[in-house]
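Here is the structure we will look at.
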Amino acid sequence: MRRLLYLMILSAVMVAGQKTAAIAPDSLAPYLPTPASIVTQMLEAGNLKAGETMFDLGSGDGRIVIAAAQKFKANAIGVELDDALVAKSTQKIAELGLEKSARIIQGDLMKQDYSSADLITVYLLPEANKKVTQLLELQLKKGARVVSHDFLMGSWKVTKEITIADDGTGRSHTLFVYIR
Ligand SMILES: C[S@@+](CC[C@H](N)C(=O)[O-])C[C@H]1O[C@@H](n2cnc3c(N)ncnc32)[C@H](O)[C@@H]1O
Numbered sequence: 002m003r004r005l006l007y008l009m010i011l012s013a014v015m016v017a018g019q020k021t022a023a024i025a026p027d028s029l030a031p032y033l034p035t036p037a038s039i040v041t042q043m044l045e046a047g048n049l050k051a052g053e054t055m056f057d058l059g060s061g062d063g064r065i066v067i068a069a070a071q072k073f074k075a076n077a078i079g080v081e082l083d084d085a086l087v088a089k090s091t092q093k094i095a096e097l098g099l100e101k102s103a104r105i106i107q108g109d110l111m112k113q114d115y116s117s118a119d120l121i122t123v124y125l126l127p128e129a130n131k132k133v134t135q136l137l138e139l140q141l142k143k144g145a146r147v148v149s150h151d152f153l154m155g156s157w158k159v160t161k162e163i164t165i166a167d168d169g170t171g172r173s174h175t176l177f178v179y180i181r
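Here the sequence shown stands for residues 2 to 181, numbered as in the numbering used here.
Below, the structure written as structure tokens:
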């Protein structure tokens, strides 16, 4: 029920954005950051290990990429469409001295190569996730993991589902984990 409500809010944000032409035509979801406590749980759920390569598809302010590089010592890459978010996250990466292990690609997440990924994280809308699964089915190596925040990855079989009843603000979250 909460997820349905959240989907409605996300969709409303998106529609409002489209009305003001604030959202680029290729946008698959509006910007809504994952809370910091959930970021860590996403990376743990994806069993991210030092030296592995991870991508956050639609990386927002770079928080997942930064945590992956800083806390998990991964090679972390974000893909983001929005110029301001790319600038903000790239600046943060530089301030933290993480340039060797974290970077943001400015562009459409549907036009990238994820064949090197050990882990993919996403926080997009359900319809977007369906498109992403079609791309990842062609590109991901065997054994790669995918963690989706709150929404299923189309018809993929879920390997593990984790529910966080309260993130500290009263909001619940679900993480869907997949192993390809
Ligand atoms: C719900 S936010 C999630 C941000 C971040 N992953 C997090 O969990 O904090 C979705 C992000 O995807 C970006 N986005 C939407 N469509 C995109 C596309 N086609 N290519 C790249 N980024 C996209 C949006 O600009 C937004 O920053």
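Where is the CB? At the ideal position from N, CA and C, for every residue including glycine.
(Q) Looking at the strands, I want to know which residues DSSP matches up with Tyr-32. (A) Along the sequence shown, read from residue 1 onward, the residue named residue 32 stands at position 31. The partner list for Tyr-32 (beta bridge, DSSP) is empty, contrary to what the question assumes.
Q | Classification of Thr-164 by the beta-carbon crowding that lies within 10 angstroms, buried from 16 upward | A | Here residue 164 refers to the residue found at position 163 when the sequence shown is read from its first residue. In this structure Thr-164 is exposed. Its beta-carbon is surrounded by fewer than 16 other beta-carbon atoms within 10 angstroms.
**Q.** Proximity winner among Pro-31, Asn-48, Met-43, relative to Gly-144 (alpha-carbon distances)
**A.** By one-based count along the sequence shown, residue 144 stands at place 143. The alpha carbon of Gly-144 has as its nearest neighbour, out of Pro-31, Asn-48, Met-43, the alpha carbon of Asn-48.
Q: Please go through the stretch 47-77 and give each complete beta strand (DSSP E) segment of 3 or more residues, from N-terminal end onward.
A: Within the stretch 47-77, the runs of beta strand (DSSP E) that reach at least 3 residues and sit entirely inside it are, in chain order, 54-58.
**Q.** Neighbour-count burial assignment, Asp-114, 16 or more Cβ in a 10 Å radius
**A.** Position 113 of the sequence shown, counted from the first residue, corresponds to residue 114. It counts as exposed.
Q: For Pro-31, count neighbouring Cβ atoms within 10 angstroms of its own Cβ and tell me buried if that reaches 16, exposed if not.
A: Counting from 1 along the sequence shown, the entry for residue 31 is found at position 30. Buried is the call here.
Q: Please find out if some non-hydrogen atom of ligand 1 comes closer than 7 Å to the beta-carbon of His-174.
A: One-based indexing of the sequence shown puts residue 174 at position 173. Not so, every heavy atom of ligand 1 lies at least 7 Å from the Cβ.
Q | Of the residues Pro-26, Met-43, Ser-28, the one placed nearest His-174, counting alpha carbons only | A | Looking up residue 174 in the sequence shown gives position 173. In terms of CA proximity to His-174, Met-43 leads the group Pro-26, Met-43, Ser-28.
Q) Buried or exposed: which applies to Glu-128, given that a residue is buried once 16 or more other Cβ atoms fall within 10 Å of its Cβ? A) Working through the sequence shown from its first residue, we reach residue 128 at position 127. By the 16-neighbour rule on beta-carbons within 10 angstroms, Glu-128 is exposed.
Q: List the residues that DSSP assigns as beta-bridge partners of Thr-122.
A: Counting from 1 along the sequence shown, the entry for residue 122 is found at position 121. Per DSSP, Asp-57, Val-148.
Q | Asp-168 to Ala-37 span [Cα, whole Å] | A | Residue mapping note: residue 168 aligns to position 167 of the sequence shown, counting from 1. Residue mapping note: residue 37 aligns to position 36 of the sequence shown, counting from 1. One C-alpha to the other measures close to 9 Å.
Q: Report the option in Ala-85, Val-159, Glu-96, Asp-109 whose CA atom is closest to the CA atom of Phe-177.
A: The residue given as residue 177 occupies position 176 in the sequence shown. Measuring C-alpha to C-alpha distances from Phe-177 to each of Ala-85, Val-159, Glu-96, Asp-109 identifies Val-159 as the nearest.
Q | Of the listed residues Thr-134, Lys-142, Ile-94, nearest to Phe-152 (C-alpha basis) | A | Taking the sequence shown and counting its residues from 1, the one referred to as residue 152 is at position 151. Relative to the Cα of Phe-152, the nearest Cα in the group Thr-134, Lys-142, Ile-94 belongs to Thr-134.
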